[in-house]
Structures are given as C-alpha cells and as structure tokens.
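Chains as they are written, first to last, in this note's numbering: chain A, 151 to 398; chain B, 13 to 314.
Every residue gets a Cβ at the ideal spot worked out from N, C-alpha and C, and that includes glycine.
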C-alpha cells in the first residue's frame with residue numbers, strides 16, 4: 151500500500167504532466183507530417199519521397215527537443231514531495247509511525263517516480279509512432295526506441311537530482327526552484343566548458359543524430375548513458391541516506 | 013522486569029544545540045496500565061514520544077518499547093508494528109479520502125479489526141468519500157483516533173488526544189481508552205487536560221523542562237497528598253513544619269496552609285504540639301499536585 155500512497159500523492163502532478171506531454175507530441179507530429187506531406191507531390195500520390203524522409207526525422211528530432219524540456223520539467227515536479235516535505239507541513243508522523251523502514255519509504259517513492267518517468271517517455275513516443283502509422287507514414291520503431299532509451303536512461307539523472315534535493319530541502323517552492331536552477335545552470339556550464347558531458351545534449355540525441363538523415367546512429371552513446379545512470383543511482387542512494395539520518 | 017513494563021528508558025536525553033529538550037529521563041511505563049504523561053508546553057513530552065518511536069535519535073541514553081531497542085532501526089520497525097500512535101495535531105494525508113486512508117492503514121497491521129473499524133466509522137459519523145483536507149479539526153481527530161482504535165495493539169501512544177474534540181467526542185475518547193486498556197492494551201498518553209487524566213489514568217508521570225519530576229500511581233498520590241489548614245492563637249515559625257514531604261507553606265494572619273506530599277500525620281502532630289486551634293485536612297486534586305510539583309521544581313532550580 152505504500153505504492154498506493156505514492157500514487158495518490160503524485161497522481162495529480164503526473165496526470166497533468168502526462169496529458170500535456172502526450173497531447174503536445176501527438177499534435178506536433180500530426181501537424182508536422184501533414185505539412186511535410188502537403189509539400190510533397192509524391193506523398194499525395196501515395197508514394198514516400200525519400201528526400202522528404204529526412205525532413206520527417208528532422209521534425210521528430212525537434213519533437214525530442216521539446217519532449218526533453220517537458221519531460222525534465224515533469225520529472226523534477228514529480229520528484230518533489232516525500233517525507234521531508236511531509237515533515238515541513240506536519241504530516242510526517244503517520245508515515246514515520248508505519249511499520250516500515252525509511253529506506254523502504256524512500257525506495258517506493260523512487261520506484262513510483264521511475265515508473266512515471268518511464269511512462270512520460272514511452273507513451274508520448276508511442277503516440278507519435280501511432281500517428282505516423284495512421285497517417286500512412288510509419289517511422290522506424292528503432293528510432294522511437296532509441297529516443298525513449300536516451301530520454302529514460304540518460305535523463306534519469308534529472309529525476310534522481312530532484313529526489314535528492316527534495317530529501318534535503320523541505321521548502322515547497324525552494325526545492326523545485328533549486329532543482330530547476332541546477333538543471334539550467336548545468337546545461338549552460340556544460341555546454342560552454344564540457345560540451346561532451348552535457349547530459350541535456352545526450353538526452354536530446356544531439357550526440358547520436360546524423361545531421362543529414364536525422365536518423366539516430368546505431369551506436370548510441372552507451373558510456374554517457376551508463377555514466378548518467380550511475381550518477382542517478384548514487385543520487386537515489388544519497389537520498390535514502392539523507393532520509394534515514396534526518397530527524398522529524 | 014521487561015515483561016512488567018512496555019516502555020523503559022534509561023538516562024534518555026535529547027539536546028538541540030545547547031538546549032536540552034529531555035534530560036536523563038528514567039521512565040518505566042507499566043504493562044496494562046493507562047499512564048498519563050503530564051507537563052507544560054515545551055516540557056519534552058512530544059520529544060520523548062518521538063524518541064520512543066524512532067522519529068528522532070536520542071543524544072544519549074537508551075530505551076526499549078515492548079522490549080525493542082528504540083535506537084535500532086530494525087527493532088524500531090518491529091515495535092511500530094505493535095504500537096498504535098496518534099500524533100499531536102492529528103496530521104493525516106489531505107489528498108486521501110477517509111475511505112482511502114482507512115484502507116491504507118489497514119494494510120499494515122495484522123491486529124486490525126474490521127468490526128471495530130465499522131463500529132468506529134458509524135460512531136464517529138465520518139464521511140467515507142470526503143477528502144481528509146476538507147474535514148474539520150474535530151473530524152480529523154476522530155479519524156486519527158479511529159486509525160489507532162481499530163486495532164488491538166499492545167501499546168497505544170497518544171499525544172494530546174483530546175485536543176480539538178468537543179465534550180461528547182472527548183467522553184467517547186475516554187471511554188474508548190478505558191475499553192482498550194480492559195482488552196489488554198497498555199496506554200501511554202500526554203495531556204494538558206488534568207481532569208481527563210484524573211478520570212482515566214491509573215499512573216501519572218510529570219515532566220518538567222525535560223526532567224521527570226514524578227512517576228507515581230494516581231491512587232498513591234490521592235492517598236499521600238494533603239492540604240492541611242491550621243489555625244493558631246499565635247502563628248508559629250514556618251521552620252517548625254519544614255519536614256520531609258512538606259512542599260509549600262502559606263501563611264495568612266493566624267492561619268497556615270501546609271501542602272504535603274506525605275508525612276501529613278507528622279505535620280498534624282507538630283501542630284498539636286504548638287497549640288493549634290483548628291486542623292482541617294483535605295485531599296489535593298491532581299491539578300494542585302501538578303502545580304505544586306512544577307512550582308516546587310522552579311523554586312529548587314532558583
């Protein structure tokens with residue numbers, strides 16, 4: 151039932167983010183396919199103009215840029231709350247009185263957040279793929295899978311950071327403000343000085359896309375993904391330690 | 013020894029910086045009893061309860077609840093399985109409905125009783141579909157108490173349980189406490205409402221500035237505490253009555269009032285030796301005992 155509590159606690163935030171992201175991606179890709187098709191004579195004749203294919207994948211790449219922005223915004227918001235926030239608003243007592251360890255409390259919270267983050271990446275891209283199939287212009291599922299993988303595995307570090315911050319800072323507005331501040335600052339600083347380590351570019355597919363065909367390479371930046379996942383795991387672990395040590 | 017007591021602390025202390033919230037607390041709460049934890053605001057009652065439940069760590073000292081060491085995280089989980097706790101201010105999850113929070117709480121405890129849950133829901137007239145955040149303070153308090161009383165725990169710990177309740181609900185709470193104790197649960201509750209404590213408790217612990225001033229059964233307090241009003245032809249020196257057990261002496265004209273925690277007979281004997289004209293001995297209520305104990309402590313500290 152801790153999962154049930156975690157779901158009820160985040161349900162409104164998740165469903166709002168979910169609806170926003172899915173609707174945006176569906177409408178964007180539907181409109182983009184319509185525009186590309188309208189410009190292509192072969193398309194209207196029922197043929198797929200290979201020259202237009204790159205244009206479609208460029209639009210999918212652009213879709214990923216928007217999706218990354220909205221996804222990070224969503225997972226940072228989903229990472230807020232938890233036992234430290236409950237402590238600040240005075241509702242930590244019933245949670246701490248439950249016969250469960252703090253590690254499990256935090257673990258369930260992380261688990262629910264990870265599932266929601268995955269849903270926020272998978273469902274929009276599946277809706278994009280569905281739109282493309284319905285429009286008679288199916289996109290490569292491998293591309294869809296790669297974008298999802300980059301978003302979830304590469305971007306999990308953003309959710310982990312949000313969880314860690316909310317385990318250290320109880321403020322309702324302070325915690326998300328700090329998290330967003332770090333996201334923006336990191337994107338700017340890494341882009342300026344350590345471009346190769348910029349997670350934002352890793353997640354958007356900037357490091358893997360072929361700028362001629364706009365197809366993602368078969369060789370994804372596995373090292374970057376692994377490093378990002380390792381950082382995320384360390385931050386989740388640190389958040390559990392922070393909650394275990396905290397006094398309420 | 014362990015079986016006799018559900019809560020045992022030894023030199024339990026908690027400091028926040030230079031401020032000592034709880035000082036070397038040696039507490040023993042007997043099994044099957046209703047023990048009241050009295051103290052002023054900021055006396056350290058809630059801090060003690062939080063330490064017992066593992067919400068905060070003691071600075072020093074040790075303690076056990078139902079034989080489980082409070083400092084050990086694994087044992088703390090085990091003890092919480094057998095303890096029902098209602099916190100001060102009755103915090104609950106505002107985003108859940110009454111039905112959801114009852115279902116949620118039920119899933120954690122093997123000692124949950126569906127029949128009690130249904131009975132309490134009926135008695136408390138709680139709206140199942142309403143969100144907790146839209147409940148009145150009184151209803152929230154009733155819901156918090158329901159979550160504790162729908163179980164058959166070994167120990168019930170309540171922090172200011174009657175706060176926010178109307179007289180009818182308070183009466184129901186007190187009767188429920190007695191009923192739970194008669195079913196075998198030990199009850200440990202903090203309160204400012206001395207009249208309620210007097211009605212249901214059989215043991216009283218008084219905490220003041222983090223230190224335990226009194227740990228006694230209510231019956232023994234009732235038997236030993238006396239106010240002795242004496243009238244003399246000429247008022248004798250107070251020192252004549254400064255004997256063990258005498259907490260305070262008040263004088264007015266030829267009249268002297270002696271507050272004694274014991275040794276009332278010795279006071280009366282001395283008074284007769286000093287040609288007392290009138291002697292009137294009255295038992296002291298818990299309220300006066302509490303006030304006297306706290307004042308005595310303040311005088312001692314000065």
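Quick one: using the 10 Å Cβ neighbour count with 16 as the cut-off for buried, is residue i buried or exposed?
i, result
"residue 171 (chain B)", "buried"
"residue 291 (chain A)", "exposed"
"residue 372 (chain A)", "exposed"
"residue 155 (chain B)", "buried"
"residue 105 (chain B)", "buried"
"residue 376 (chain A)", "exposed"
"residue 343 (chain A)", "exposed"
"residue 213 (chain A)", "buried"
"residue 109 (chain B)", "buried"
"residue 215 (chain B)", "buried"
"residue 314 (chain B)", "exposed"
"residue 192 (chain B)", "buried"
"residue 187 (chain B)", "exposed"
"residue 260 (chain A)", "buried"
"residue 64 (chain B)", "buried"
Any idea what DSSP makes of residue i, helix, strand or coil?
i, result
"residue 309 (chain A)", "helix"
"residue 150 (chain B)", "helix"
"residue 314 (chain B)", "coil"
"residue 143 (chain B)", "strand"
"residue 181 (chain B)", "helix"
"residue 300 (chain B)", "helix"
"residue 295 (chain B)", "strand"
"residue 341 (chain A)", "helix"
"residue 96 (chain B)", "strand"
"residue 112 (chain A)", "This structure cannot settle anything about residue 112 (chain A), because the visible part of chain A is limited to 151 through 398."
"residue 75 (chain B)", "strand"
"residue 308 (chain B)", "helix"
"residue 223 (chain A)", "helix"
"residue 200 (chain B)", "strand"
"residue 163 (chain B)", "strand"
How would you write the range of the beta strand (DSSP E) that residue i sits in, first residue to last?
i, result
"residue 20 (chain B)", "17-28"
"residue 224 (chain B)", "223-229"
"residue 215 (chain B)", "215-220"
"residue 38 (chain B)", "31-42"
"residue 48 (chain B)", "46-51"
"residue 261 (chain B)", "258-264"
"residue 268 (chain B)", "267-272"
Please list the terminal residues of the continuous alpha helix (DSSP H) segment that includes residue i.
i, result
"residue 387 (chain A)", "372-395"
"residue 317 (chain B)", "Here chain B covers residues 13 to 314 and nothing more, so residue 317 (chain B) does not appear."
"residue 235 (chain A)", "233-239"
"residue 350 (chain A)", "349-354"
Between residue i and residue j, how many whole angstroms is the CB-CB distance? I'm expecting something under 8 angstroms.
i, j, result
"residue 311 (chain B)", "residue 272 (chain B)", "About 16 angstroms separates the two Cβ atoms, so there is no contact after all."
"residue 20 (chain B)", "residue 76 (chain B)", "5 angstroms"
"residue 218 (chain B)", "residue 161 (chain B)", "The pair is not a contact, with the Cβ atoms about 26 angstroms apart (cut-off 8 angstroms)."
"residue 95 (chain B)", "residue 173 (chain B)", "Wrong, their Cβ atoms sit about 14 angstroms apart, outside the cutoff."
"residue 311 (chain A)", "residue 329 (chain A)", "6 angstroms"
"residue 55 (chain B)", "residue 36 (chain B)", "Not quite, the Cβ-Cβ distance comes to about 14 angstroms (not below 8 angstroms), so this is no contact."
"residue 248 (chain A)", "residue 293 (chain A)", "At roughly 45 angstroms, the Cβ-Cβ gap does not stay under 8 angstroms, so residue 248 (chain A) and residue 293 (chain A) are not in contact."
Inset, instruction - Using a Cβ-Cβ cut-off of less than 9 angstroms, list which residues of the segment 113-132 of chain B approach chain A; keep chain order. - result: 113, 115, 116, 117, 118, 119, 120 and 121
Inset, instruction - Using a Cβ-Cβ cut-off of less than 7 angstroms, list which residues of the segment 238-256 of chain A approach chain B; keep chain order. - result: 240, 241, 243, 244, 246, 247, 248, 249, 250 and 251
Legend entry - Residues in the segment 75-102 of chain B having any Cβ partner in chain A nearer than 7 angstroms: 85, 89, 92, 93, 97, 99 and 101
Inset, instruction - Could you please tell me which residues of the segment 30-54 of chain B, in chain order, have their CB closer than 9 angstroms to any CB of chain A? - result: none
Inset, instruction - Select from the segment 55-68 of chain B all residues with a C-beta closer than 9 angstroms to any C-beta belonging to chain A, and list them in chain order. - result: 62, 65, 66, 67 and 68
Inset, instruction - Output, in sequence order along the chain, the residues in the segment 159-178 of chain A whose CB is closer than 9 angstroms to any CB in chain B. - result: 159, 161 and 162
Inset, instruction - Return the residues of the segment 219-242 of chain B that lie within a Cβ-Cβ distance of less than 8 angstroms from chain A, sorted by chain order. - result: none
Legend entry - Residues of the segment 375-398 of chain A whose Cβ lies closer than 8 angstroms to any Cβ of chain B, in chain order: Cβ contacts with chain B come from 394, 397 and 398.
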